[in-house]
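Residue numbers (this note's numbering): 86 to 210.
Okay, here's the thing in structure tokens:
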């Protein structure tokens, strides 16, 4: 996966080119965006809200045409395949909460350093 500077902050963008009769099965996390950049793409995944049905869960099939996108509501395994006989280009954008987590860890680290230095200054007096 490569980082795209145009993508949203904290997201990862992966580009996949699918030729005729090719399919890609991938685990997609929640809030991942599948974008059909060139050609038509078919997206198939089991309904994650009915995973308790096991193999009997209905399969959702979506056709994305060039320029269309779909946001995955819940984590699932999805199969992406070309909907036409032409080559299809798909972008998979995975959003992450990493910037917030990094900010939170940095904030806690600064608080700990400030507490330690103020305690050391009090001892020095």
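Yeah, the Cβ is synthetic: ideal placement off N, Cα and C, and Gly gets one too.
Check your understanding: Since residue 146 is in the beta strand (DSSP E), which residue starts that stretch and which ends it?
Key -> Secondary structure note for residue 146: its beta strand (DSSP E) is the uninterrupted segment 144 to 149.
Review point. Alpha carbon to alpha carbon, how far is residue 82 from residue 132?
Key: No information on residue 82 is available, as it lies outside the stretch 86 to 210 that the chain covers here.
Check your understanding: Just reading off the beta strand (DSSP E) that residue 118 is part of, what are its end residues?
Key -> From DSSP, the beta strand (DSSP E) with residue 118 extends over 118 to 123.
Practice item. For my contact list, residue 163 and residue 128 are in at a C-beta cut-off of 8 Å; report their separation, rounded to the angstrom. Key: Residue 163 to residue 128, Cβ: 6 Å. Contact.
Review point. Cβ atoms of residue 126 and residue 165: under 8 Å apart, would you say?
Key: Remark: C-beta atoms of residue 165 and residue 126 approach each other more closely than 8 Å.
Check your understanding: Looking at C-alpha atoms only, which residue of 174, 198 and 193 is the closest neighbour of residue 103?
Key -> Considering only alpha carbons, the answer is 174.
Check your understanding: Are there 16 or more other CB atoms within 10 angstroms of the CB of residue 177, so buried, or fewer, so exposed?
Key -> Around the C-beta of residue 177, 16 or more other C-beta atoms lie within 10 Å, and the residue is accordingly described as buried.
Exercise for review: Could you name the residues that DSSP lists as bridge partners for residue 167?
Suggested key: Beta-bridge pairing links residue 167 to 126.
**Study point:** Which of helix, strand or coil DSSP assigns to residue 186
**Key:** In the displayed model, residue 186 falls within a helix according to three-state DSSP.
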